[in-house]
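**Student:** For the protein sequence lines, the chains are A and B, in the order given. For the first sequence, the numbering used here begins at 34 and goes up steadily by one. For the second sequence, the numbering used here begins at 377 and goes up steadily by one.
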Amino acid sequence: MKGTEVIFEDVSKFYGEVLGVNKVTLHIPPGITSLVGPNGSGKTTLMNLMTGLIHPGRGSITVLGLSPRDPEQLMRVTGYATQFDSAPRWATGMEFVSTGLTLYGYSPTEARDRAWQALEQVGLTEAAGRKVAGYSKGMRQRVRLAQAIAHDPQVLVLDEPLNGLDPLVRAETISLFRRYAAEGRHVILSSHVLQEVDLISDQVILIANGMIVAEGEIRGVRDEMSEHPSQFIIRCRDASRIASLLFCEDHVTEIKMNDDRLGLLVLTRNREEFSRALTRIALAGHVIDGVIPSDESVDALYEYLIGGGRA
Amino acid sequence: MTITKVQVQQAWTIARIEMRRAFLSKRGLWVYLLALFPAVAFFGHGLQMKFMEERWSRNGLTQARVVDSFTKGEKVDEILKRAPNPSFDHEWTNRREDEGDRDDKDRKTQPEEPQRRRAISYYDGQRVIDLRFTNGVLVEKHVRFFRDPTDDRRVFAVIFQFFYLRLAIFFGCLGIFMNLFRGEMLDKTLHFWFLTPVRREVLLAGKYLAGLVASTVIFGGGALLGYAAMLWPNTGVDAQAFIAAAGWSHAFWYAAAATLGCLGYGSVFLAAGLLLKNPIIPAAVILLWESINNFLPAALQKLSVLYYLQSLCPESALIDEQQPLLRLLLAPAAPASKSLAVLGLVLVTALVLWAASRAVTRIEINYSTE
Ligand SMILES: Nc1ncnc2c1ncn2[C@@H]1O[C@H](COP(=O)(O)OP(=O)(O)OP(=O)(O)O)[C@@H](O)[C@H]1O
Ligand SMILES: [Mg+2]
Chain A
34 MKGTEVIFED VSKFYGEVLG VNKVTLHIPP GITSLVGPNG SGKTTLMNLM TGLIHPGRGS
94 ITVLGLSPRD PEQLMRVTGY ATQFDSAPRW ATGMEFVSTG LTLYGYSPTE ARDRAWQALE
154 QVGLTEAAGR KVAGYSKGMR QRVRLAQAIA HDPQVLVLDE PLNGLDPLVR AETISLFRRY
214 AAEGRHVILS SHVLQEVDLI SDQVILIANG MIVAEGEIRG VRDEMSEHPS QFIIRCRDAS
274 RIASLLFCED HVTEIKMNDD RLGLLVLTRN REEFSRALTR IALAGHVIDG VIPSDESVDA
334 LYEYLIGGGR A
Chain B
377 MTITKVQVQQ AWTIARIEMR RAFLSKRGLW VYLLALFPAV AFFGHGLQMK FMEERWSRNG
437 LTQARVVDSF TKGEKVDEIL KRAPNPSFDH EWTNRREDEG DRDDKDRKTQ PEEPQRRRAI
497 SYYDGQRVID LRFTNGVLVE KHVRFFRDPT DDRRVFAVIF QFFYLRLAIF FGCLGIFMNL
557 FRGEMLDKTL HFWFLTPVRR EVLLAGKYLA GLVASTVIFG GGALLGYAAM LWPNTGVDAQ
617 AFIAAAGWSH AFWYAAAATL GCLGYGSVFL AAGLLLKNPI IPAAVILLWE SINNFLPAAL
677 QKLSVLYYLQ SLCPESALID EQQPLLRLLL APAAPASKSL AVLGLVLVTA LVLWAASRAV
737 TRIEINYSTE
């Protein structure tokens, strides 16, 4: 029987004495699922477990009914963009994506075609002939995404895929996730910021200290969340100009300028409106180097979200 | 487990990709130096020989039959008539008596009479014949082989067994095969392989194949080059006869020993690279194991790579029988026959690879994300 879910049954993983994850039971249906938790909470551990890079100390895992110990089957339906930011030194973007494809049985030309399509989807065709080692952080993020989607997998596992992306690319990447989810596939991604993913996710799994804290649809809490002002740090060249533009938005409640005049701290009541406003500003030609949600204390968020009901 | 066609193709694809790394790794340049050392050394030696031969035969060769006919007591003129083109000719006058070792008394009684002395040497293409004359009469005749092909071959056998098998191939395979998995752990790139639809055992096979091809080309090639460089200056009839009779088979067995050395040591170091983090410790342990092996009971000896490799070498590296200690140190107790040696080595390799394939399915990516 071929399953349709990613299933963790009572899974624990220790690294020696260090807890990775503890007694995790999860049933992940198709759609966009976000794993959210602070640094060191076990997000990467869960993803490595479902792709067979590490093995559980106890419990069992299946991905669409397949065991992660069987890469021959599993990796045909799974694509994993890791958090490890390393690429073979010798490879260009094109080689990096197409080399793996030859192991799926594609001929060299087929592999190149598919790699090209994948690079197209992440907007990296221009840099395809350059060495990955010379890519920027965001480009490396994207080339790993291209590699994960190149063989058209049913289950996409993406570790912090939005990290380091500029707003435009971020929007494109999110629409790619939505496309995949709409086709009935799994898109499992991780983030340490809830605001970054709650709007795009069908399901959110909150994890802290290796344990699942909350799991389910986030829509119920979203309205409540939107009343809660969110903080963002914007990195940009012309901070005062962007500050004045943002000040015209009525969802923005407060703006503080950084001392170096290269950053802004913005409080907004509506993150959706806020991200639309930023896109407008970016499209108008103002350079925005990055947007970082600054409510990184997920602990505080948990308090807020689930009323301090942490186990 | 049945092996499918797809798996074979995957292993070969991996091998092709990994060969580039195995051949061209920047960390691995020294491997080439090790492999080429015998060839370079013998080539240098050969050049020197050629140079000296050129000097000896500048005045032409003298036939062996002629130089053999010289006998003590002959006059220098007769000799020069029969062999008019010596390679070397030097004359001087000695105030002292010929047999200068006589005691003082003797010397004092005799009046000092100058003696004409002369040294003439001939070269017959293989031997140098040194003749000494006193007052025009042949008093001494020394015959030495200018170059002894048997000597060269013995030196090659010694270098091959003690340098090439024990050190060059040992450390070369350590460099090449340990790097296959451990190097990728250090570079944090191993997970790319684990995320392809390839069984870990197939990945292991592909990587092993890449290392094997690279090390065989480097060390098998190095052995053949070295052997050729050793034979190259030996143009004499005996040497040609040897090459025709046994040269090819010896070259084959040296290359075979080098290749099987890569096969055996390669599997050992591949497994060690999977099981252990630090390469120094297994290298030291294995080196120790291989070197004390001759003292172990026969059953344990058969678990060493060197035991089989020594049995494959076509010529003994033992200098002579008069060094019992050396003999004890270096000789395998009971050399295996060649076919048994090959079989034994393949079995040892298969056993080690089987253990490695168990290890590779358990291996986890434990490098961190930062
Ligand atoms: N290879 C390892 N060896 C030892 N401990 C590890 C290892 N990998 C992870 N851990 C520990 O396991 C816990 C969970 O780590 P994990 O990498 O899964 O967190 P994460 O949620 O992905 O964090 P981040 O947001 O920083 O990526 C942490 O306490 C971490 O220190
Ligand atoms: Mg992580």
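We put the beta carbon where it would ideally sit given N, CA and C, even for glycine. Please read these numbers as outputs of a predicted model, since none were measured by experiment.
Do the CB positions of A:VAL220 and A:LEU191 come within less than 9 Å of each other?
**Tutor:** In contact: A:VAL220 and A:LEU191 (Cβ atoms closer than 9 Å).
**Student:** Give me, in chain order, the residues of the same chain whose beta-carbon lies closer than 6 Å to that of A:ARG270; leave out the 5 immediate sequence neighbours on both sides.
**Tutor:** So the list reads VAL320, once near-sequence residues are dropped.
**Student:** Is there a Cβ of chain A sitting closer than 9 Å to that of B:TYR540, yes or no?
**Tutor:** No, B:TYR540 does not count as interfacial toward chain A.
**Student:** Which residues of chain A have a Cβ atom closer than 8 Å to the Cβ of B:THR572, listed in chain order?
**Tutor:** Going along chain A in sequence order, the residues near B:THR572 (Cβ under 8 Å) are PRO104, MET108, GLY133, LEU136 and TYR137.
**Student:** Please determine whether the Cβ atom of A:GLU143 lies at a distance below 8 Å from any heavy atom of ligand 2.
**Tutor:** Flag unset: Cβ of A:GLU143 not near ligand 2.
**Student:** Below 6 Å CB to CB, which residues in the same chain sit around A:SER259 once its five sequence neighbours on both sides are set aside?
**Tutor:** Below a pLDDT of 50, predicted positions are generally treated as unreliable, and A:SER259, at 49, falls in that range; the measurement from the model is reported next regardless. Excluding sequence neighbours, A:SER259 sits near ASN303.
**Student:** Taking C-alpha atoms, which residue in B:LEU607, B:GLY582, B:TYR603 and B:ILE662 lies nearest to B:LEU550?
**Tutor:** Of B:LEU607, B:GLY582, B:TYR603 and B:ILE662, the residue nearest in Cα terms is B:ILE662.
**Student:** So, for B:GLU666: in the same chain, excluding its five sequence neighbours on each side, which residues have a beta-carbon less than 6 Å away from its beta-carbon?
**Tutor:** Once the five neighbours on either side are set aside, the close Cβ partners of B:GLU666 are SER680 and LEU682.
**Student:** For the region 121–134 of chain A and the region 147–162 of chain A, state whether three or more C-beta atom pairs, one from each stretch, are separated by less than 8 Å.
**Tutor:** Yes, the region 121–134 of chain A is in contact with the region 147–162 of chain A.
**Student:** I want to check one thing, is the minimum distance from the CB of B:VAL724 to the heavy atoms of ligand 3 below 8 Å?
**Tutor:** What this structure holds is ligand 1 and ligand 2, not ligand 3.
**Student:** Does the Cβ of A:GLN174 lie closer than 8 Å to at least one heavy atom of ligand 2?
**Tutor:** No - ligand 2 has no heavy atom lying nearer than 8 Å to the Cβ of A:GLN174.
**Student:** Tell me, please, which residues DSSP counts as bridged to A:HIS60.
**Tutor:** Answer is A:ILE40, bridged to A:HIS60.
**Student:** Do you know offhand how far B:ILE390's Cα is from A:ILE238's?
**Tutor:** So the alpha carbons of these two residues sit roughly 37 Å apart.
**Student:** Inspect the CB distances between the region 567–575 of chain B and the region 79–88 of chain A and report whether three or more fall short of 8 Å.
**Tutor:** They touch, by the three-pair rule.
**Student:** Compare the Cα-Cα distances from B:ARG508 to each of B:TYR499, B:ALA495, B:GLY501 and B:ASP500 and report the closest residue.
**Tutor:** Checked all of B:TYR499, B:ALA495, B:GLY501 and B:ASP500; the closest Cα to B:ARG508 is B:ALA495.
**Student:** Output yes if chain A places a C-beta closer than 9 Å to the C-beta of B:TYR743; else output no.
**Tutor:** Yes, its Cβ sits closer than 9 Å to a Cβ of chain A.
**Student:** Any C-beta of chain A within less than 8 Å: which residues of the region 550–571 of chain B qualify?
**Tutor:** Here the close residues are ASP563, LYS564, THR565, HIS567, PHE568, PHE570 and LEU571.
**Student:** Within the present structure, is the beta-carbon of B:SER747 separated from the nearest heavy atom of ligand 1 by less than 8 Å?
**Tutor:** Only positions 377 to 746 of chain B appear in the structure, and residue 747 of chain B is not among them; the question remains open.
**Student:** Taking C-alpha atoms, which residue in B:LYS451, B:GLU430 and B:ARG558 lies nearest to B:SER463?
**Tutor:** If we check each option's Cα against that of B:SER463, B:GLU430 comes out closest.
**Student:** Taking Cβ positions, are A:LEU300 and A:GLN264 nearer each other than 9 Å?
**Tutor:** Contact flag set, yes.
**Student:** For a minimum of 3 consecutive residues, which ranges assigned as the beta strand (DSSP E) are wholly contained in the region 103–181 of chain A?
**Tutor:** Runs of the beta strand (DSSP E) inside the region 103–181 of chain A: 111–114.
**Student:** Could you confirm whether any beta carbon from chain A is found closer than 9 Å to the beta carbon of B:THR737?
**Tutor:** By this cut-off, B:THR737 is an interface position.
**Student:** Leaving out five residues before and five after A:SER169 in sequence, what residues of the same chain have Cβ atoms less than 7 Å from its Cβ?
**Tutor:** Excluding sequence neighbours, A:SER169 sits near nothing in its chain.
**Student:** Just checking: is the beta-carbon of B:VAL578 within a distance shorter than 9 Å of some beta-carbon in chain A?
**Tutor:** Answer yes: the Cβ-Cβ gap between B:VAL578 and chain A drops below 9 Å somewhere.
**Student:** Check the C-beta distance from A:ILE267 over to A:LEU297 and give it rounded, since I have them as a contact under 8 Å.
**Tutor:** The pair is a contact, with the Cβ atoms about 5 Å apart (cut-off 8 Å).
**Student:** For B:GLY642, is the classification buried or exposed, using 16 other Cβ atoms within 10 angstroms of its Cβ as the cut-off for buried?
**Tutor:** The residue is buried, with at least 16 neighbouring Cβ atoms inside 10 Å.
**Student:** For B:ARG503, which residues in chain D fall below 7 Å Cβ to Cβ?
**Tutor:** In the structure shown, chain D cannot be found, because the protein chains are A and B.
**Student:** Rounded to the nearest angstrom, what separates A:ALA161 and B:ALA648 at their Cα positions?
**Tutor:** When rounded, the distance between both Cα atoms is 37 Å.
**Student:** Is the shortest distance between the beta-carbon of A:ALA179 and the beta-carbons of chain B less than 9 Å?
**Tutor:** It does not: the Cβ of A:ALA179 has no partner Cβ on chain B nearer than 9 Å.
**Student:** If you follow the alpha helix (DSSP H) that B:VAL661 is in, where does it begin and where does it stop?
**Tutor:** First-last of the alpha helix (DSSP H) with B:VAL661: 656–668.
**Student:** Here's the rule: buried if 16 or more other CB atoms are within 10 angstroms of the residue's CB, otherwise exposed. What is A:LYS76?
**Tutor:** Buried, by the Cβ-count rule.
**Student:** When burial is assigned at 16 or more other CB atoms within 10 Å of the CB, is A:SER119 buried or exposed?
**Tutor:** A:SER119 is buried by the Cβ-count criterion.
**Student:** Residues of chain A with CB under 8 Å from B:THR389, in chain order?
**Tutor:** Per Cβ cutoff of 8 Å: THR135 and LEU136.
**Student:** Of the residues that make up the region 58–91 of chain A, which ones have a beta carbon closer than 9 Å to any beta carbon in chain B?
**Tutor:** Against chain B - using a Cβ distance shorter than 9 Å - the residues of the region 58–91 of chain A are THR77, ASN81, THR84, GLY85, LEU86, ILE87 and HIS88.
**Student:** Any idea what DSSP makes of B:PHE522, helix, strand or coil?
**Tutor:** Coil.
**Student:** Keeping to the same chain, check which residues put their C-beta closer than 6 Å to that of B:PRO690; ignore five residues upstream and five downstream.
**Tutor:** Cβ neighbours of B:PRO690 beyond the five flanking positions: HIS626 and TRP629.
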